[in-house]
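Heads up, the sequence shown is in my numbering, so the first residue is 1 and it goes up one at a time.
Don't be surprised by glycine CBs; every beta carbon is placed ideally from N, CA and C.
Fair warning: this is a prediction, and the values are worked out from it, not measured in the lab.
Comments concern the structure below.
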Amino acid sequence: VAYRYQAQQSPGPPSSLKLLDPVTREMNCFGPRGWQNLSCLFSWKRNEAKASWVQYPFSSRSPVQGASSLDFEGMEKAGMLRMPPMEPLVAAHLHPRLSATSSRPLALLAKADRFQSALNERAYKAAAISVRALNVSSMLSAYQAELCEDMNTKPDPEVWEEITVLTDICLRVQRCAVQATAKAMGMMVLQERARWLSLTNLSEREKEDILDMPIVPEGIFGSALASMQQ
């Protein structure tokens, strides 16, 4: 993947690590000598991960920040965009009511199964974003290591400036990976909720309201328990 960026030049050599993205300023974990507190980084990552779990995890369609910058030519053929399609011949063989020559998109016949497939597709897309982000991050880190080695042999303000730009980009890409992975995890929780909700006689609207309740580590339904007990 060819990742493009523009290195912004600053007058004179930097006296401290200067990062360009507002995300890194929000973290407030850097000082003149680098990391001030590693727990700050872990807290930031945790907050990024849980963001998609709190506000309407089912109905929300908020995109992963910066995900579009990770697109590359041929990613769909590589399975890095969406789940591979179901083969018409296999579908027709497994269920005769599904025609192998139909122009309509193939889908499972039972509504509950189609719902599970839709959640699974959303989880796959989020995981694919995470894979693309980690791929870019690994290549940028390798290049950054080469620049650091050059700095050890011959310090250069321009090389140092490029390192800070790469650090900024890596943090942005890692944020994409964290957010996307958290979305995939959230979809798995929603799938489990949906399986248990299929045992109830609740209306579709009531089920969707429960699916939209915040996700918490304490339990599959978490804060939705109060609504279910009414």
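Test item: CB-CB of residue i and residue j under 9 Å
| i | j | result |
| --- | --- | --- |
| M188 | A123 | yes |
| L296 | F58 | With the chain running from 1 to 230 in the structure shown, residue 296 is simply not present. |
| L106 | P88 | yes |
| A177 | L119 | no |
| M80 | V131 | yes |
| I129 | A67 | yes |
Cβ-Cβ separation, residue j to residue i (assumed contact under 8 Å), whole Å
| i | j | result |
| --- | --- | --- |
| D150 | V159 | 6 Å |
| E48 | R175 | 6 Å |
| K125 | R82 | 6 Å |
Residue i, enclosing alpha helix (DSSP H) - first and last residue
| i | result |
| --- | --- |
| T153 | K111 to T153 |
| P157 | P157 to L197 |
| E73 | E73 -> no alpha helix (DSSP H), and no H or E assigned at all. |
| D209 | E204 to L211 |
| V90 | P88 to L94 |
8 Å Cβ shell around residue i - same chain, five flanking residues per side excluded
| i | result |
| --- | --- |
| Q144 | I163, L166, T167 and C170 |
| L140 | Y3, L166, I169, C170 and V173 |
| M86 | L106 |
Other residues of its chain near residue i: CB distance less than 6 Å, five sequence neighbours each side excluded
| i | result |
| --- | --- |
| K111 | none |
| D264 | No answer is possible for residue 264: it lies beyond the span of the chain, which begins at 1 and ends at 230. |
Quick one: any contact between the region 46-53 and the region 175-185, if contact means 3 or more CB pairs under 8 Å? The region 46-53 makes contact with the region 175-185: 3 or more CB pairs, one atom from each, lie closer than 8 Å.
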